[in-house]
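In the UniProt record's numbering, the protein residues as written are 1 to 252.
Encoded as structure tokens, the structure appears first; notes follow it.
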Amino acid sequence: MERLQKILAQAGVASRRKCEELIQAGSVEVNGVVVTELGTKADPDQDIITVKGRPIKTEKKIYLMMNKPKGVITSASDPEGRKIVSDYLKGVKERVYPVGRLDYDTEGLLLLTNDGEFANLLTHPKHHVPKTYVATVKGVPHGTELDKLKKGIVLEDGITAPAEVEYKDVDPDGKESVIQITIYEGRNRQVRRMFEAISHPVIRLKRIAFGDLLLQNLKRGLTRPLTKDEINRLIQLAKSDNTKKKRTGRGS
Numbered sequence: 001m002e003r004l005q006k007i008l009a010q011a012g013v014a015s016r017r018k019c020e021e022l023i024q025a026g027s028v029e030v031n032g033v034v035v036t037e038l039g040t041k042a043d044p045d046q047d048i049i050t051v052k053g054r055p056i057k058t059e060k061k062i063y064l065m066m067n068k069p070k071g072v073i074t075s076a077s078d079p080e081g082r083k084i085v086s087d088y089l090k091g092v093k094e095r096v097y098p099v100g101r102l103d104y105d106t107e108g109l110l111l112l113t114n115d116g117e118f119a120n121l122l123t124h125p126k127h128h129v130p131k132t133y134v135a136t137v138k139g140v141p142h143g144t145e146l147d148k149l150k151k152g153i154v155l156e157d158g159i160t161a162p163a164e165v166e167y168k169d170v171d172p173d174g175k176e177s178v179i180q181i182t183i184y185e186g187r188n189r190q191v192r193r194m195f196e197a198i199s200h201p202v203i204r205l206k207r208i209a210f211g212d213l214l215l216q217n218l219k220r221g222l223t224r225p226l227t228k229d230e231i232n233r234l235i236q237l238a239k240s241d242n243t244k245k246k247r248t249g250r251g252s
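Shown next as structure tokens:
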């Protein structure tokens, strides 16, 4: 169930404020009954909603996982003419948008949807949904340096929440190493800034998990729909209290 003005706005009837005016003017009916009270809730999948006698068209909810390539922008357009994620969604008729962001130089798991409530649930700071990355960094950080990331490290916008960090591989000549890191926040370029703070800049960065959803073998540039079980698990994770222990601070 959602607020009627929100349903109308999502269906493209008008802006949220204009939809509120339509409701107050008596132009909206739900199952044949005129509704004038703001905040009235309805189910767009079950109820017949009309505006001035015409039924609204509601979009089918879409939930996608994408393996975003490096060098792709997670926005609707780019003034510099660079590739954007929608360039890879040729078979998707509905308009979808990213759940959070991956910066231009970061690749890996990106969620896309047209469900604003779902997107907000997963990205709202109070929910602290974990996101896991594999970072190739310059040099080999000492254990004491990684401990700083595990406990929380001071950045220009405050101390980070504790992260989970582990070595995955080390180059024999010590020029670079591969480290897996799980964070519980969503600050801009956070993982890169965390490693810069311990003087081991990121060379390559890939997100491999969002909550318990894994990228696995999805090929670069391709998308696949989430299953109902995956959607429900993400929702339950965001609503659960299992990350409260990480909330001592405020993803890529």
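The beta carbon of each residue, even a glycine, is placed where N, CA and C say it ideally should be.
| Item | Value |
| --- | --- |
| Residue(s) in a DSSP beta bridge with Glu29 | Val34, Thr50 |
| Whole-number beta carbon distance between Thr223 and Tyr88, since they are thought to touch under 8 Å | 7 Å |
| Any non-hydrogen atom of the ligand HEM within 7 Å of Glu20 CB | In terms of ligand content, the structure shown is empty, and the ligand HEM therefore cannot be addressed. |
| Option in Val72, Ile153, Asp45 with minimal Cα separation from Gly108 | Val72 |
| N-terminal and C-terminal residue of the beta strand (DSSP E) that Gly108 is part of | 106-113 |
| Bridge partner(s) assigned by DSSP for Lys131 | Ile183, Phe210 |
| Nearest to Val28 (by Cα), restricted to the options Asp115, Lys52, Lys6 | Lys52 |
| Straight-line Cα distance separating Asn114 from Ala209 | 21 Å |
| Stretch pair the stretch 133-146 + the stretch 190-203: three plus CB contacts closer than 8 Å | yes |
| Where Ala9 sits in the DSSP three-state scheme | helix |
| Residue burial classification, Gly186 (beta-carbon count within 10 angstroms, cutoff 16) | buried |
| Top-ranked residue by Cα proximity to Met66, from Arg220, Ser15, Glu230 | Arg220 |
| Contact set for Asp169: own chain, Cβ-Cβ below 6 Å, skip 5 residues either direction | Val178 |
| Buried/exposed call for Arg207, threshold 16 Cβ in 10 Å | buried |
| For Asp169, the three-state DSSP class (helix, strand or coil) | strand |
| Of the listed residues Glu21, Pro44, Val165, nearest to Val30 (C-alpha basis) | Pro44 |
| Glu59 versus Gln180: straight-line alpha-carbon distance, rounded | 38 Å |
| Short Cβ contact (8 Å threshold) for Tyr63 with Leu226 | yes |
| With 16 other Cβ atoms within 10 Å as the buried cut-off, status of Thr144 | exposed |
| Under the three-state DSSP convention, the category Lys93 falls into | coil |
| C-alpha gap between Leu215 and Arg101, whole angstroms | 16 Å |
| Pairwise C-alpha distance: Val99 and Pro79 | 21 Å |
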